[in-house]
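Report on the structure given below.
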Amino acid sequence: MAEPRCPVCGQPNPEGSETCQFCGTRLKPPAAAPSAAPASIRPGEEPVKKNTAEFEKVSLPSSERQPIHPGEEPTKKNTAELERALPTWLKTLRDKPDTPPGEPPSQTPAQATPATSAEESSTPPPPPLNSVPEWLSGLGSAAAEEQEIPDWLASLRSKGGTGPDEPEGLTAFPQDAGREQGSTPAGGPPPASAPPPEAPPQGAAGEGLPDWLKGLQSEGPESAKQEPAAQPDNPDVSAWLSNLPPTPPAEAHPTPAEELPDWLKKLKEQAAETESSQPPASATELTPEWLTRLQAEAETQEDAVQSARAQHEDIPDWLSKLETKAGTGATAPASPAFSGEVPVSPTELNGPPPDWLSKLQADVTAASEAEAKKEEFEAAPAPSPESLPAEPLPAWLSGVQPEVPRPGGTPALIIGNEDKGPPSAGEAAFSMETPDWLSKLKPEPGPQETPAPVPGTGEQQPSESLEPGDLPSWVQAMRPVEAVVAEAKAVAPAEGQVTTEQNGPLAGLRGVLPAVPGLGPLRKPPAYATKLQASETQQRYADSLEKLVYAENSPHAIRSTLRISGHLLRWVIVLLLFLAVGLPIVTGAQVVPPTSLPPVEEVQATYTLIGQLAPSSQVLVVFDYEPALSGELEAAAQNVVGQLISTGALLTFISTSPTGPALADHFLQTTQPPGKLQSGQTYINLGYLAGGPTGILNFASWPGKAAPYAWSTDPKVDGNNAWVMPPLLGVVNLSDFKAVFVLTDSADTGRNWIEQAGPSLGSTPMLMVISAQAEPMMRPYYDSGQLKGLVTGLAGGKAYEQAVQHPGLGQAYWNSFSTGLLMAEILILVGGAWSAFLAWRENRRKEEEA
Amino acid sequence: MQIPSSELVGGGVSFLLTLMVLSYLIGDNPFFRVAVYLFVGVSAGYAAAVAWHQVLWPQLFLPLIFGSLLDRVLALVALGLGILLLLKLHARTARLGSVSMAFLVGVGAAVAVGGAVMGTLFPQIRASINMFGLLGGTGTLIYQLIKSSVILVGTLTTLIYFQFGAKASPNGPQVRSWVGGLGWIGQVFIAITLGVLFAGVYAAAITALIERLNFLWTFVISL
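Here the protein sequences line up with chains A and B, keeping their order. For the record, in the first sequence the residue sitting at position 381 is 364 according to this note's numbering, with numbers rising by one throughout. For the record, in the second sequence the residue sitting at position 149 is 154 according to this note's numbering, with numbers rising by one throughout.
Next comes the structure, spelled out in structure tokens:
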């Protein structure tokens, strides 16, 4: 029976294994249900061998295009048939030849043409037995590049040195040690005696991890249980791992913000149990290629570090600690991404622990220290070489120079108390970037090994691996500000070189433009009060507004008041007025004693002027009042027109109102004795004059043209030329009239006649009989001399009657008029007094309430 | 004495209409509404009849038909302007009536402004100046002087009251103190004028009421 192959990585696994030994993928479903669909792939089942080349950029036939449902058994296929369906990057990774750890990655040109290589190859080459899985082949090359290095790995490298503790997951990768020796890594088929790997740790945290990481975790406890003799391919790994002292369980550091994920907790527990019961696990047969590459890179970096040591003198204490600890720790340091598993140098398996392991151990130690002082960025004092166990530093970390804290300098960012001392090496480096789970992993003190050379101390350790070298740019970028500033101070800038800023928020940066002289050192920005600054006026306005709003929303007590209906009051007033006006009419009683009015100047002038008219004088009488006030005007103008008729004047009637001619006829019928006037003989009606002021001006300019025809109820007169009749005979202009009388109830009409016809009158006097409501507006015209006479309302008519000594409507209406005015005066006085009393009482009540 | 039937009918209709209008004292009611509707309708009809008999026919169509050449030309011009004015009723042709409207507005404004200036403003100013001449007036010299001063002060303060200009200040726009004081005096004169106007209106109205009640009583008596 063919060995079951992992559906994810494609590696063969022992028969009966439930999870893949390489990636940890579950090979068998938890409750495999028989499925009739053979196309589905179920974990644990042998996939159908297929030619992967058939799937490359081709559309699978419909029979093979069935979706995969979870829990279903996968269809066994030939993976070679799926070659064509593989992505290009995977092909490229797979096709990369395995490179030793110390060699730089040489697959770059090959990676640049992944498409062509993928397309050209028809069938993938068979993977070697001990080769790294194809799906992992690219990880090592990716790690070699600076831009692709994850932050957690970069932080590990920057720390330098290793810790004394054995990482928990180190035992899970014993097979990685085989890579450093240049032998085939343990990526081939697992040993026959290798127990089936356990299921990857399940949990909330484990679900979020990639499968390969889960597999690494699962292989950790598994590999710890394996016999060292069961892994003949990596004797070095097994040997040094066996020499590793048991790692006590990492102390859990209380992290303020984060907690260890569940999977890491389990790893720790398992590692603690494993280390307490069994010797350190030996390496497994399979070592991922990416781990091998990391080891190679570490060696490369170690060389660089060693070279940098010779150049730089200042090494921070934290870095020195890391380097020294890396030389002492026999246990491998914990890797944050590998769950405590790090690549192990094959040269250090039998002897002292590898550099990368030492460094990782130092990382863990530094992380634990950084957790305690997380908010400080103070440079750590450089550790003395004597206090730190000498351990060889890996090549990639050897170039990291310890930095001396800048004394008296202003850090770039001050969060806490500035009076605290400079931070330790671990705090400065790991205060911002140390993952919580890494900080909780305390490195275990390992056996005293050959101490690693402390960079920057000037002491060249007798180690061939640690050579001073230039720090890579990404490591230099990770350096704390204090180290950069101290270095800049120690190294005098050469002429033409850029300077490093030493003060202010830009401390540590190079190429910063110098501040303009005179500005002075940067200082901390002043603190501004958050309290609202409001002036007294604003506060007063705000208080007023608040009072208004409060008063608006506050309910007011409703006072019950006795309110008299408006209709009742109106009826009462009407009743009183009707009684006052109607009783004299009905009863005929003389309520007011008959009195003579004093002579009125304007009335006397009117009487005088009419008296001076010669008989048969042609007089123009304008009837411009409304029917509503015909009673008043008729009462006022009765004796005026009557006197005109009595003097023998020839009257010409005209009106600018359509109802004027009819009112003129009505006036003559009601106020004048019949038989004295004859239309067309003694008087003539010119009818309606259209146009308002314009018509008046037209009539004043061309009277014959403006009103050529007569209007009369007499058909003999109606429609005939009025200007040939006796009343208008010889009249050409307006000034040919002897007098002009305007009867109007509106001040506007009277003003129009004065304004338009006045200039055309010449010496012809203009007199008016107006309503009492128009008197205030027309009296100035009398006072100015534009009007020669003025009779106003019923009172004027009464006065004129007294002048002519002929009683008329004025006298008849005077009794009612007097009582009506008296009642109005009484009502006004009573109403005013009552209003004043109410206002006084309201004010008094408000005062009492206030 | 018997009243002629025509007068009796007319009187009776007048009597009813008067009562219907006076019924407004008890509130708006159908009788009052009928009376108002009748008044509006009759007024409009009568005005239309007057306009035709006394304006359109004798001054437009009669010259156009029987008039001389000059009369006809003038009539045609008037007729054309009138037709253009009627086109204002429709939205599409409203723009054509703008010519007539412009003519009417222009002439009306000119007549009004010219009359106001020459017929009111200048004569009133001359009369106010002549008041202080103190010669030829009625009454004693002091009386004329006081009268003239009161008229002058009232005129000026009333005009100042209607000045609403103010100067900017930090606390907002404020009117000058002396302007405000004189404006207060003008307010007094304005109040007196309004009171006199009210008295005149009341007098006219009460006279109209007396006349109507007298009519009603007379009609009732005549029955």
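Backbone N, C-alpha and C define an ideal beta-carbon position, used for all residues, glycine too.
* To do: Sort out for me which residues DSSP pairs K172/B with in a bridge.
  => Within the second sequence, residue 172/B is the residue found at index 167, counting from 1. BP columns for K172/B point to Q179/B.
* Would you kindly report the start and end of the unbroken alpha helix (DSSP H) that includes Q626/A? => Walking along the first sequence from the start, residue 626/A turns up at place 643. For Q626/A, the enclosing alpha helix (DSSP H) starts and ends at S613 to T630.
* If we ignore side chains and look at the alpha-carbon of each, how far apart do L164/B and I134/B end up? -> For the purposes of this step, residue 164/B is identified with residue 159 of the second sequence, where counting begins at 1. For the purposes of this step, residue 134/B is identified with residue 129 of the second sequence, where counting begins at 1. Computed Cα separation, rounded: 17 Å.
* **Below-8 Å beta-carbon distance, I211/B vs any chain A residue** => Locating residue 211/B in the second sequence gives position 206, counting from the first residue. With respect to chain A, the C-beta atom of I211/B has a partner C-beta closer than 8 Å.
* Compare the Cα-Cα distances from V557/A to each of F71/B, L30/B, A121/B and L13/B and report the closest residue. => Counting from 1 along the first sequence, the entry for residue 557/A is found at position 574. Selected option, being the one with the closest Cα: L30/B.
* **Three-state class that DSSP yields for I667/A in the structure shown** => In the first sequence, counting from the first residue as 1, residue 667/A sits at position 684. Of the three classes helix, strand and coil, the one that applies to I667/A here is strand, per DSSP.
* **Distance between L612/A and A115/B (C-alpha atoms, nearest Å)** => In the second sequence, counting from the first residue as 1, residue 115/B sits at position 110. In the first sequence, counting from the first residue as 1, residue 612/A sits at position 629. Those two C-alpha atoms are separated by around 31 Å.
* **Proximity test, Cβ basis, 8 Å: E216/B and chain A** => Here residue 216/B refers to the residue found at position 211 when the second sequence is read from its first residue. Interface criterion met: the Cβ of E216/B is under 8 Å from a Cβ in chain A.
* **Euclidean distance between Cα positions of T4/B and Y692/A** => Outside the modelled stretch of chain B, which goes from 6 to 228, sits residue 4/B, for which no answer is possible.
* Supposed close pair L603/A, T639/A - CB separation, criterion 8 Å -> Locating residue 603/A in the first sequence gives position 620, counting from the first residue. Locating residue 639/A in the first sequence gives position 656, counting from the first residue. The Cβ separation is near 13 Å, so there is no contact.
* To do: Taking only the alpha-carbon atoms, compute the straight-line gap between G27/A and P(-3)/A and give it to the nearest angstrom.
  => By 1-based counting over the first sequence, the position of residue 27/A is 44. By 1-based counting over the first sequence, the position of residue -3/A is 14. Using only the alpha carbons, I get a separation of about 11 Å.
* Among V564/A, Q522/A, A255/A and K721/A, which residue has its Cα nearest to the Cα of M806/A? -> Position 823 of the first sequence, counted from the first residue, corresponds to residue 806/A. Nearest of V564/A, Q522/A, A255/A and K721/A to M806/A, Cα basis: V564/A.
* Asked: Is DSSP giving M708/A helix, strand or coil here?
  -> In the first sequence, counting from the first residue as 1, residue 708/A sits at position 725. If DSSP states are grouped into helix, strand and coil, M708/A belongs with coil.
* Asked: In terms of alpha-carbon separation, which member of E784/A, A618/A, T732/A and P582/A lies closest to L672/A?
  -> If you number the first sequence from 1, residue 672/A lands on position 689. It is T732/A.
* Give every residue of the same chain whose Cβ lies closer than 8 Å to the Cβ of M25/B, excluding the five residues on either side of it in the sequence, and list them in chain order. => What you label residue 25/B is simply residue 20 of the second sequence in a count that begins at 1. Taking M25/B as the centre and dropping the five residues before and after it, the same chain places the C-beta of F36, F37, V39 and A40 closer than 8 Å to its C-beta, in chain order.
* Residues of the region 560 to 577 of chain A whose Cβ lies closer than 8 Å to any Cβ of chain B, in chain order -> Flagged, chain order: L560, F561, V564, G565, I568 and V569.
* Asked: Is the Cβ of Q149/B closer than 8 Å to any Cβ of chain A?
  -> One-based indexing of the second sequence puts residue 149/B at position 144. For Q149/B, the closest Cβ of chain A is not nearer than 8 Å.
* To do: Could you tell me if E584/A is buried or exposed, where buried requires 16 or more neighbouring beta carbons within 10 angstroms of its beta carbon?
  => Locating residue 584/A in the first sequence gives position 601, counting from the first residue. Only exposed fits E584/A, as fewer than 16 other CB atoms lie within 10 angstroms of its CB.
* DSSP on S799/A, reduced to helix/strand/coil? -> One-based indexing of the first sequence puts residue 799/A at position 816. Correct three-state label for S799/A: helix.
* Bridge-paired residues (DSSP) for T727/A -> Position 744 of the first sequence holds residue 727/A. Beta-bridge pairing links T727/A to D607/A and I753/A.
* CB-CB length for I70/B against F800/A, believed under 8 Å -> By 1-based counting over the second sequence, the position of residue 70/B is 65. By 1-based counting over the first sequence, the position of residue 800/A is 817. So it is not a contact: roughly 53 Å between Cβ atoms.
* To do: Could you tell me the boundaries of the beta strand (DSSP E) in which F636/A lies?
  => If you number the first sequence from 1, residue 636/A lands on position 653. It spans L633 to S638 - the beta strand (DSSP E) in which F636/A sits, taken as one unbroken run.
* What's the C-alpha gap between A469/A and K507/A? -> Indexing the first sequence from 1 puts residue 469/A at position 486. Indexing the first sequence from 1 puts residue 507/A at position 524. Between A469/A and K507/A, the alpha-carbon positions lie close to 22 Å from each other.
* Determine the DSSP secondary structure at K507/A, reduced to helix, strand or coil. => In the first sequence, counting from the first residue as 1, residue 507/A sits at position 524. K507/A falls in the coil class under three-state DSSP.
* Excluding sequence positions up to five away, which residues of its chain have a Cβ less than 7 Å from the Cβ of G631/A? -> One-based indexing of the first sequence puts residue 631/A at position 648. Cβ neighbours of G631/A beyond the five flanking positions: P598 and S599.
* **Cβ of A673/A within 8 Å of any chain B Cβ** => As a first step, residue 673/A is located in the first sequence; it is residue number 690 there, counting from the start. Interface with chain B (8 Å Cβ-Cβ cutoff): A673/A is included.
* Do three or more CB pairs link the region 197 to 216 of chain B to the region 815 to 832 of chain A at distances below 8 Å? -> No, the region 197 to 216 of chain B does not touch the region 815 to 832 of chain A.
* To do: Please say whether L81/B and S105/B have beta carbons closer to each other than 8 Å?
  => As a position in the second sequence, residue 105/B is number 100, starting the count at 1. As a position in the second sequence, residue 81/B is number 76, starting the count at 1. It is not a contact, given that the beta carbons lie outside the stated cut-off.
* Would you report the Cα separation of Y608/A and S11/B, rounded to the nearest angstrom? -> Taking the first sequence and counting its residues from 1, one reaches residue 608/A at position 625. Taking the second sequence and counting its residues from 1, one reaches residue 11/B at position 6. One C-alpha to the other measures close to 26 Å.
* Which value, in whole angstroms, describes the spacing of the CA atoms of L75/B and S743/A? -> Sequence index remark: in the second sequence, residue 75/B carries index 70 (1-based). Sequence index remark: in the first sequence, residue 743/A carries index 760 (1-based). C-alpha separation (whole angstroms): 26 Å.
* To do: Return the bridge partner residues of P(-3)/A from the DSSP annotation.
  => Indexing the first sequence from 1 puts residue -3/A at position 14. Beta-bridge pairing links P(-3)/A to no other residue.
* Asked: Per DSSP, Y692/A is paired with what?
  -> Start at 1 with the first residue of the first sequence, and residue 692/A comes out as number 709. Under the DSSP definition of a beta bridge, Y692/A partners with N704/A.
* Please work out which residues of its chain come closer than 8 Å, Cβ to Cβ, to A690/A, disregarding the five sequence neighbours upstream and downstream, and give them in chain order. => As a working mapping, residue 690/A is identified with position 707 in the first sequence. By the criterion of a C-beta distance shorter than 8 Å, A690/A is surrounded in its chain by I637, L669, G670, L672, F682 and A705, once the five residues flanking it on both sides are discounted.
* Bounding residues of the beta strand (DSSP E) (the contiguous stretch that carries T775/A) -> Looking up residue 775/A in the first sequence gives position 792. Bounds of the beta strand (DSSP E) holding T775/A are G772 to T775.
* **Supposed close pair G663/A, D719/A - CB separation, criterion 8 Å** => As a position in the first sequence, residue 663/A is number 680, starting the count at 1. As a position in the first sequence, residue 719/A is number 736, starting the count at 1. Approximately 19 Å separates the beta-carbon atoms of G663/A and D719/A; this is outside 8 Å, ruling out the contact.
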